[in-house]
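Reading through the structure tokens given below for one structure.
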Amino acid sequence: MAEERFVEHARDGDIHVLRIANPPVNTLRTGVREGLHLGIRAAVKEGARAIVLIGDGRMFSAGAEMTEFGKPRQPPSLPEVFDEIENCKVPVVAAIHGSALGGGLELALACHARVALASAQVGLPEVKRGFVPGAGGTQRLPRMIGGEAALKIIVTGEPISAGEAVKLGFINAIVDEPLEASAVAWARAHAGDTFTLARHRTDKIKGADLAAFDAAAAALLKRSRGQESPKGCVTAVRAALTTSFDEGLAIEREQFQRLVSGEQSQALRHVFFGEREAQRIPGMPEGTKSLPVKNAVVIGGGTMGGGIAMNFANNYIPVTIVETTQEALDKGLARCDANWQRTLKSGRLSQAEYEKRRSFLKGSTTLDVVKDADLVIEAVFENMEVKKEIFAKLDKLARPGVVLASNTSTLSIDEIASATSRPELVIGMHFFSPANVMRLLENVRGAATNFDAIATATEVGKRIGKLPVLVGNCDGFVGNRMTGKRTPQVEKLLLEGCLPQDIDRVMETYGMAMGPLATGDLAGLDIGAAVRKARGTVAPIADAVVALGRFGQKTSKGWYMYDEKRTRLVDPEVEAIILDVAEKLQVRRRKIEDQEILERMLLPMVNEGARILEEGVAYRAVDIDVVFCNGFGWPAWRGGPMFWADRMGLKNVRDRLEHYAELTGDANLKPAKLIEQLAAEGGNFASFGVKRAA
Ligand code: NAD
1 MAEERFVEHA RDGDIHVLRI ANPPVNTLRT GVREGLHLGI RAAVKEGARA IVLIGDGRMF
61 SAGAEMTEFG KPRQPPSLPE VFDEIENCKV PVVAAIHGSA LGGGLELALA CHARVALASA
121 QVGLPEVKRG FVPGAGGTQR LPRMIGGEAA LKIIVTGEPI SAGEAVKLGF INAIVDEPLE
181 ASAVAWARAH AGDTFTLARH RTDKIKGADL AAFDAAAAAL LKRSRGQESP KGCVTAVRAA
241 LTTSFDEGLA IEREQFQRLV SGEQSQALRH VFFGEREAQR IPGMPEGTKS LPVKNAVVIG
301 GGTMGGGIAM NFANNYIPVT IVETTQEALD KGLARCDANW QRTLKSGRLS QAEYEKRRSF
361 LKGSTTLDVV KDADLVIEAV FENMEVKKEI FAKLDKLARP GVVLASNTST LSIDEIASAT
421 SRPELVIGMH FFSPANVMRL LENVRGAATN FDAIATATEV GKRIGKLPVL VGNCDGFVGN
481 RMTGKRTPQV EKLLLEGCLP QDIDRVMETY GMAMGPLATG DLAGLDIGAA VRKARGTVAP
541 IADAVVALGR FGQKTSKGWY MYDEKRTRLV DPEVEAIILD VAEKLQVRRR KIEDQEILER
601 MLLPMVNEGA RILEEGVAYR AVDIDVVFCN GFGWPAWRGG PMFWADRMGL KNVRDRLEHY
661 AELTGDANLK PAKLIEQLAA EGGNFASFGV KRAA
């Protein structure tokens, strides 16, 4: 019987305890809903004075079981369970530990009262999966804490601490461990109290200032350009202020159903599940354990090294930066300090926390510190000779069995590993700039890299708050290799008729955090120029821009000009350069439609992504999407490049690539073999990835 399987019923005298037993995260799958429904009835029948709902495992509940979405719904529904709770003649008290998220929090909100451990977190993250809370969260929370406070929690989807929830007024009390005993004692002490259910409360919403609510909503929506679910959240929460509870529920349901079946929600869930899937490494023997890492050494304290080291200190792992001179070391450490100070000033870090983190960061000018290291990450200049020399030294100094990682963005991990006697423990750990902020970590597997090294890089990556994705060794790995194929099309579009602002506008309207030209200005156009020089390639327009000393933001001029506040401004001089080059090359410029710009930006990346899959550099198509949504400003609600291509249909992708290959004479745009094959079979990247990883 489901009740016995997913909800355990215990009795502590006349206080009954229903324990959700679907660990580790207690999603509210059918068996749980059924168990709660029957359990409450049984408890009342047996004469309980109060009922405590508690969760097994890591948390109270992470909410709905998303794998049940889109399938025929099995009764009882969550609202039916909530009806049972609300109609129960004795109080039902939710006892929260770990997290109560989404439907999990909605369950707690439907109860008569809530107690929590101080370490617990509560939130309604549905917006991040592309829909709105669907079981009354948008109606109950405003009735408990007011429209604006509820709106912030629902539109951002960010969890808050139990302490904050007590202050806001939707958790009754913080209790001590052990939670069950405390919750039972609390329920016993309050069993005779009168509780007003959230659905019956009007005190926080009566006479709500709708103009203030709308202003708060507008400010929140500004942060989620193009995304539909935050708007749906606003509509539903606003209904709590303007209509009855039941009408509000109907509006919430309408928003939920519209959004949950929409493409944005599918994209967001694709990325959400993809992020978990990416942690599953095909072929990794069961039980492979990460090597113990209690401290780390980072070689090089420049732009990347400093940021990488901060990640360790932020997570209380002792870390030492090694630099060549005291001056360079001081500069590196000062850059870390400046970063922390900025967060401190913004109020997101306390002085005490800053000091604690800072105490985990040290510096040294001698490589000898590597002797005591559990993990070494190299982040010196991007030069093979320099890296090989360093790895030879690291190999001699580091204890046997210690993993040696490189943050190289382009160089071969195999060649770097060849300088050591332990190539099996050499791996790429490719962080993205700013390394203390960006979530993506491409772990690069060399030909010799073993599973111990892979497990270690994966585990450490997670411990320092990153999202590791394992990729193969090739020029540019996954992310930079794919964006690199877009660059020639940028140059061609400029030559044929676009201006920088046209391309950036199309890409930013699509949802990218920043268009490719503005990104170039941020990174420095001299870097691309140096790469072209080294590779013997030319880009007449980009080269002409750099030749004028326009290196981007750092020189206040690049594809745009920048004022002292770094505001991006269109510069007529750039248009003049473009027109001049086009004339010299006798290119007749034409008006280029937005759709063509979009396709010429995305299709070359998709084509390269297909080659990456063919070669096994990425295990699954979704790994590629996860890379882009976490390291390249790709909006998760668009699902990533491979998701985009699957939606377009691979036959269509093949035809458009052929069209552009012919139009632009760029052989690189000829459809990859895998696209030809999947288009012919009527397949897609998603299914290919799954097959490949299995
Ligand atoms: P950087 O020039 O800012 O820093 C390199 C630092 O290494 C310098 O401070 C230098 O003094 C130090 N160094 C050089 N030789 C050393 C040695 N023998 N021992 C100790 N320190 C030494 O460069 P960066 O941008 O931080 O890049 C570092 C690495 O990270 C490169 O491999 C680069 O390709 C990679 N990377 C850079 C980015 C980026 O956006 N900048 C992104 C990802 C990866």
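Under full-length UniProt numbering, think of the first position of the sequence shown as 1, with each following residue one higher.
All C-beta atoms, glycine included, are put in the ideal place defined by N, C-alpha and C.
Per DSSP, what kind of secondary structure is residue i in: helix, strand or coil?
| i | result |
| --- | --- |
| residue 1 | Here the model assigns residue 1 a pLDDT of 43, short of 50, so the residue's position is not dependable, and the following value carries that caveat. Coil. |
| residue 383 | coil |
| residue 378 | strand |
| residue 480 | helix |
| residue 153 | helix |
| residue 693 | Only weak support is given to the placement of residue 693: the predicted model assigns it a pLDDT of 49, under 50, and the question is left unresolved by the model. |
| residue 121 | strand |
| residue 363 | strand |
| residue 391 | helix |
| residue 648 | helix |
| residue 443 | strand |
| residue 322 | strand |
| residue 559 | coil |
| residue 143 | helix |
| residue 669 | helix |
| residue 404 | strand |
| residue 205 | coil |
Is the separation between the beta-carbon of residue i and that of residue j shorter than 8 angstroms?
| i | j | result |
| --- | --- | --- |
| residue 336 | residue 304 | no |
| residue 603 | residue 638 | no |
| residue 420 | residue 291 | no |
| residue 702 | residue 522 | Not covered by the structure: residue 702. The range shown for the chain is 1 to 694. |
| residue 647 | residue 671 | no |
| residue 503 | residue 407 | no |
| residue 684 | residue 663 | no |
| residue 439 | residue 466 | yes |
| residue 541 | residue 608 | no |
| residue 113 | residue 99 | no |
| residue 715 | residue 63 | Only positions 1 to 694 of the chain appear in the structure, and residue 715 is not among them; the question remains open. |
| residue 140 | residue 90 | no |
| residue 263 | residue 132 | no |
| residue 614 | residue 674 | yes |
| residue 110 | residue 136 | yes |
| residue 363 | residue 306 | no |
Return the Cβ separation of residue i and residue j in integer angstroms, given the expectation that the two are a contact with Cβ distance under 8 angstroms.
| i | j | result |
| --- | --- | --- |
| residue 92 | residue 51 | 5 angstroms |
| residue 297 | residue 324 | The Cβ separation is near 14 angstroms, so there is no contact. |
| residue 147 | residue 126 | The pair is not a contact, with the Cβ atoms about 18 angstroms apart (cut-off 8 angstroms). |
| residue 274 | residue 617 | Not a contact, Cβ separation roughly 16 angstroms. |
| residue 171 | residue 162 | 6 angstroms |
| residue 477 | residue 442 | 5 angstroms |
| residue 486 | residue 269 | Residue 486 to residue 269, Cβ: 26 angstroms. No contact. |
| residue 37 | residue 80 | 7 angstroms |
| residue 7 | residue 39 | 5 angstroms |
| residue 689 | residue 611 | About 14 angstroms; that fails the 8 angstroms criterion. |
| residue 413 | residue 427 | 7 angstroms |
| residue 559 | residue 545 | 7 angstroms |
| residue 122 | residue 159 | 6 angstroms |
Within 10 Å of its beta-carbon, does residue i have 16 or more other beta-carbons around it, so buried, or fewer, so exposed?
| i | result |
| --- | --- |
| residue 115 | buried |
| residue 468 | buried |
| residue 284 | exposed |
| residue 588 | exposed |
| residue 387 | buried |
| residue 255 | buried |
| residue 361 | buried |
| residue 67 | exposed |
| residue 383 | exposed |
| residue 259 | buried |
| residue 537 | exposed |
| residue 368 | exposed |
| residue 16 | buried |
With 8 angstroms set as the bound, which would you pick, yes or no: does the beta-carbon of residue i sit closer than that to a beta-carbon of chain C?
| i | result |
| --- | --- |
| residue 67 | The structure shown has no chain C; it contains just one protein chain. |
Do residue i and the ligand MN come close, with the Cβ less than 7 angstroms from some heavy atom?
| i | result |
| --- | --- |
| residue 519 | This structure lacks the ligand MN; the ligands present are the ligand NAD. |
For the pair the segment 237-255 and the segment 205-223, tell me if three or more CB-CB distances fall below 8 angstroms. yes
Three or more beta-carbon pairs under 8 angstroms between the segment 343-358 and the segment 369-387, yes or no? no
The segment 503-513 / the segment 444-461 touching (three or more Cβ pairs under 8 angstroms): no
Are the segment 68-88 and the segment 217-224 touching, with three or more C-beta to C-beta distances below 8 angstroms? no
Can at least three beta-carbon pairs, one atom from the segment 47-64 and one from the segment 19-31, be found at a separation below 8 angstroms? yes
Just checking, does the segment 581-598 make contact with the segment 398-406 on the three C-beta pairs under 8 angstroms criterion? no
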